[in-house]
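Protein chains in written order, with this note's numbering: chain A, 1 to 514; chain B, 1 to 358.
Here is the structure we will look at, set down as C-alpha cells.
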C-alpha cells in the first residue's frame, strides 16, 4: 500500500471486482487504484461499467466478488453511509438536491451536525469557510432552482466536503457545464488535490482527461483496457482504447449552397422562468441545407430561444416565421404540422415518456397521424412495424420495442428521439443540446444524422454549449451573450475569437458572414 | 400478456397478506376467525339473492372506481368522485321527480344522462382550474364534495322534502323510473351491466385509442407530451370530464336503484373508489374485480356483526390493511417481480398466480 518512501499512498484499491446484473457482466475482474492527491480519470463509453464500479465503491451496489481496500484496510461498503464514514463522497450525474431549499439547507440536509434547531448563521459560516478554502463562489442563501447547473454542481461537491469526504467520486461532472464552468470546476478540483484530497473523475470526454487529470483508466465492456499516465498518452490512443476502433469526430461537412429561408426570427424577445428578459431582440434566419449553430455559455438565453422557436415559451415581442407563415406563439402542434422537428435539451423530462415502451415513445407526437390510426382506434400493428424499422435504422440497442424508455441507456434514448423526429420527415429541425451527456459513439451517431439531414436539404438550428460541436457541425455560428446575438461568424474563425465573444467581448473585426 | 398476468400478482398477494393480518387481528381480539370470515362469505354467497345483493352493492363502487382509475391514468388526483356521484344523484332525482309523464325507458335514459352531465359538470370546474391556473385538484375536488353534500342537505330538507317521512329525504321518483332488475326478483339491476360494459370500453379507450394514448402520455410525463404537441390542458380537462361523468352516472344509477334522494345516499363511495382504483392498479378491467371485492366485504359487514359479534367497522380496518398491503406491494414490485422471474423461467406467472390463489 505505502511505497518505500512512505509518500505515495493508494487511498483506494479495488481488486478483481466482479458485478453482474443477470447475464450482463457489468464489471469483470476490474482492478483500479487511486493515489493520494491525484485526479484519476475513469474513461469509457456509456455502459462500459464505470458507474457500476463506482457505485460498488460507494456502496450502492454490492459486488459479487473482489476486495475494496480503503486507506490500506479491506472494508465492506454495504451502503453509502459506510462509504462516507470511510471518507468517500460521490457527486452523481443527476443532482440530488431539493430545488426549493437554499444552498445551506441542501448541504446540511440529513446531517446530524445541523442539530434539531437550525442555526442558519453558523451553518452558513461553515459553508462560506469551505467556499473560501477552495474557491467555490457559492452564495449560501441562494435557492437551488434559481442557480445555474454549474453552481448546483458545486453545491453537490460542497455537500460531500461538508461530510468530510477525502476521496471524491465525480460522475460526469462536466456533462452539463459550459467551458468556463468546466475550467472553474477543475480549478477548484486542483485546489482540492493540493490539500490532499483524491479525485476519481468518471467521464467520457477525452479532452478533460488530457487537460486536467494525472492518470487515466480506460474501461470497455466491463473490463479495464488499460491504466496510463496522462502525460504518456494522447487523444487517439484514448479514443481507440475506449471505443475499440478508430473514431472520427472531425469536421466532415462538405460545402453546400444555402437554400431558401425556412425559419426566420425577427427581433424576438423572450423571458425566462424568473420573468427576466432572456432573449433580447434577436433576429435570425436558417435556410435549407444549412446548420446554424448557436454558441454561448450556458444560461445566456440560447435554450429559451430554442424553446420559444418550438412553441414552448412565449415570444413577448417580435415575430417568427416558419415555412413563410407567421407562427409567432403558435402551439407545438402547429409547428410540427408545418414541418418542424424538435430534439429537446432534456431527454428524460421533455423527450421521452420514460414509462412508455420504446414503440410508444417512437410515435409520441405522431399518434394522430393518419397512418397510425383508423377512426379512434390506434393501429398498433402499423406502429410496431414502423417502430421496428426505426430501431433498425437508428441502431437502437437492444432492438426490443417493448422495453420501457427508462430502461435504455442515454445514447439509445437519444437515438429513439432522433428516430422519431427524423422519421416525421421535417423541413426544419431544432436540436437543443443534442449530444449532452452522450458517449463518444452516440455523439458520432447523432452528429452523423444531423449532417445527413443537412445533406437532405433540411434547415437545422443547433443550440449547444459544446463549442467543439458547434464548430464541427455549423455552417454559420451565432454567438449569444446575455440574451443577445453578439456576433455571427463562420466556423473557420479562430477559437480564441469565438471564446472572447462568448465572454461578451466584442471585436470590431469579426470576419465571416455578418 | 405475460406482463398483464404479472400485474395481477401484486393485488393478489396484497389480498392474501391482508387476509392473514385480518385473521390475526380478529384472533388477538378474541373472536372466532372462522366464524367471522364465514359470516362475510355466507352473506354474499349463500344463495342467488345474496350474490345479486353483492353485485348491487358493488355497482356504485364500480362506477367511482372507474372514475378514479381514469383520473389516475391522466395524473389527475380526483378526490371528488364522491361529490360528482352526489351531483349525479341530484340531477337524476330532479329528472325523476319532474318528468313523470315520460315512459319508463325514456325517463331512465334521461335520468342517467342528467346524472352523467351533473357529475361531469362537477368535475369540470376543478379540472379547468387545474389546467388553466394550476390550482391543485385535490383541494378543489374535496371542497366540491362538501358543496355537493350540503346541497343535497338543503334539497331534502327544503324544496323536495317528502314531508310524510320522519327523516329528511326527497319524494320518490316516478315509478317507471325505477331501475329494472336483470334477474327478476333479485336486486341485480341493469346499471351494473352498464358499468361492466363501460369498464371494457374504458380499457379500450385507454390502451387502444390515440385519445387514451394522449391521456396516458400526459399522465406519465406532461412535459414530454406538451413537447410532442399534445394539448395538455385540454387532455386534463377531458380526463376530469370523463372521470366526473362516470361518477355522476354511478350516482344516477344508485338513485334509480333506491328511488329517492337522501343525505346518506353515499356512505363514502367516492373515497372507497380511490381504494378500488388503487387495488386495480388503475386498470378498468381490474376495477370490475376490485369493486366486487369491496362490495363483497361491505355486504358481509353487517352479517358478520350479527352472527359473529364482530363490529362491522372491522371490514373498514380490513380494507385499510388491504390498501397498506397493496401500497407496500407497489414499493416491493420491482424486486418482487424480478425475483419471481428469476426463479421460474418460462411461463412463470400463471404458476405463481395459482400458488397465490391456493
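Glycine included, C-beta positions come from ideal geometry on N, C-alpha and C.
No experiment lies behind these values; they were computed from the predicted model shown.
Check                                                                                                                                                                                                 : Outcome
Which value, in whole angstroms, describes the spacing of the CA atoms of residue 346(B) and residue 229(B)?                                                                                          : Unreliable positioning characterises residue 346(B) in this predicted model, as indicated by a pLDDT of 33, which lies under 50. The coordinate reading is nonetheless provided below. Whole-angstrom Cα-Cα distance: 41 Å.
Just the Cα atoms here: how many angstroms apart are residue 287(A) and residue 244(B)?                                                                                                               : 49 Å
At a Cβ cut of 7 Å, what residues of the stretch 193-221 of chain B count as close to chain A, listed as they run along the chain?                                                                    : 208, 209, 210, 211, 213, 214, 217, 220, 221
From residue 113(A) to residue 199(A), what does the alpha carbon distance come to, in whole angstroms?                                                                                               : 25 Å
Between the stretch 81-90 of chain A and the stretch 155-174 of chain A, can you find at least three pairs of beta-carbon atoms closer than 8 Å?                                                      : yes
Residue 502(A) CB to nearest chain B CB: under 7 Å?                                                                                                                                                   : no
Count the other CB atoms within 10 Å of the CB of residue 171(A); is the residue buried (16 or more) or exposed (fewer)?                                                                              : buried
Check whether chain B comes within 7 Å of residue 373(A), counting only Cβ atoms and requiring the distance to be less than that.                                                                     : yes
CB-CB under 7 Å to residue 329(A), same chain, minus the five flanking residues each way: which ones, in chain order?                                                                                 : 314, 315
Pick from 431(A), 448(A), 33(A): whose alpha carbon is nearest that of residue 228(A)?                                                                                                                : 33(A)
Whose CA, out of 92(B), 118(B), 119(B), lies closest to the CA of residue 111(B)?                                                                                                                     : 92(B)
Within a Cβ cutoff of 6 Å, which residues of the same chain sit near residue 314(B), ignoring the five residues on either side of it in sequence?                                                     : none
Kindly list, in the order they appear in chain A, the residues whose Cβ is closer than 7 Å to that of residue 174(B).                                                                                 : Residues of chain A passing the Cβ test: none, with the nearest at roughly 36 Å.
Bridge partners for residue 161(B) per DSSP, in chain order?                                                                                                                                          : 170(B)
Would you give the residue range spanned by the alpha helix (DSSP H) that residue 302(B) belongs to?                                                                                                  : 284-308
For residue 361(A), count the other beta carbons within 10 Å of its own beta carbon; 16 or more makes it buried, fewer makes it exposed. Which is it?                                                 : buried
Does the stretch 210-220 of chain B come into contact with the stretch 50-60 of chain B, if we say contact requires no fewer than three beta-carbon pairs (one atom in each stretch) closer than 8 Å? : no
Does any C-beta atom of chain A lie closer than 7 Å to the C-beta of residue 270(B)?                                                                                                                  : no
Determine the closest residue to residue 444(A) out of 351(A), 36(A), 44(A), 249(A), with distance taken between C-alpha atoms.                                                                       : 249(A)
Is the beta carbon of residue 118(B) closer than 7 Å to that of residue 87(B)?                                                                                                                        : yes
By how many angstroms is the C-alpha of residue 307(B) removed from the C-alpha of residue 41(B)?                                                                                                     : 12 Å
Check the Cβ-Cβ distances between residue 367(A) and every residue of chain B, and say whether any is below 7 Å.                                                                                      : yes
Hey, is residue 162(B)'s beta-carbon within less than 7 Å of any beta-carbon in chain A?                                                                                                              : no
Could you run through the stretch 233-265 of chain A and flag, in chain order, every residue whose CB is less than 9 Å away from some CB of chain B?                                                  : none
With a threshold of 6 Å on Cβ separation, who are the neighbours of residue 81(B) within its own chain once the five nearest residues in sequence on each side are excluded?                          : 64, 67, 68, 247, 270, 273
Report yes or no: do three or more beta-carbon pairs, one from the stretch 301-308 of chain A and one from the stretch 387-394 of chain A, lie closer than 8 Å?                                       : no
Can you tell me whether residue 501(A) is buried or exposed, with buried defined as 16 or more other CB within 10 angstroms of its CB?                                                                : buried
With the cut-off set at 7 Å, would you say residue 260(B) and residue 172(B) are in Cβ contact?                                                                                                       : yes
Per DSSP, what kind of secondary structure is residue 436(A) in: helix, strand or coil?                                                                                                               : coil
Alpha carbon to alpha carbon, what distance is there between residue 124(B) and residue 357(B)?                                                                                                       : Residue confidence is low: residue 357(B) scores 37 on pLDDT, short of 50, so the model does not pin down where it sits. Its coordinate-derived value is still stated next. Answer to the nearest angstrom: the Cα atoms are 41 Å apart.
Over the uninterrupted beta strand (DSSP E) stretch that includes residue 198(A), give me the two end residues.                                                                                       : 198-203
Is residue 103(A) near residue 182(A), with beta carbons less than 7 Å apart?                                                                                                                         : no
Between the alpha carbons of residue 164(B) and residue 95(B), how many angstroms are there, rounded?                                                                                                 : 21 Å
How far does the beta strand (DSSP E) with residue 278(A) in it extend, from its first residue to its last?                                                                                           : 277-287
In three-state DSSP terms, what is residue 146(B)?                                                                                                                                                    : helix
Using a Cβ-Cβ cut-off of 6 Å (strictly less than) and excluding sequence neighbours within five positions of residue 387(A), which residues of its own chain qualify?                                 : 359, 362, 401
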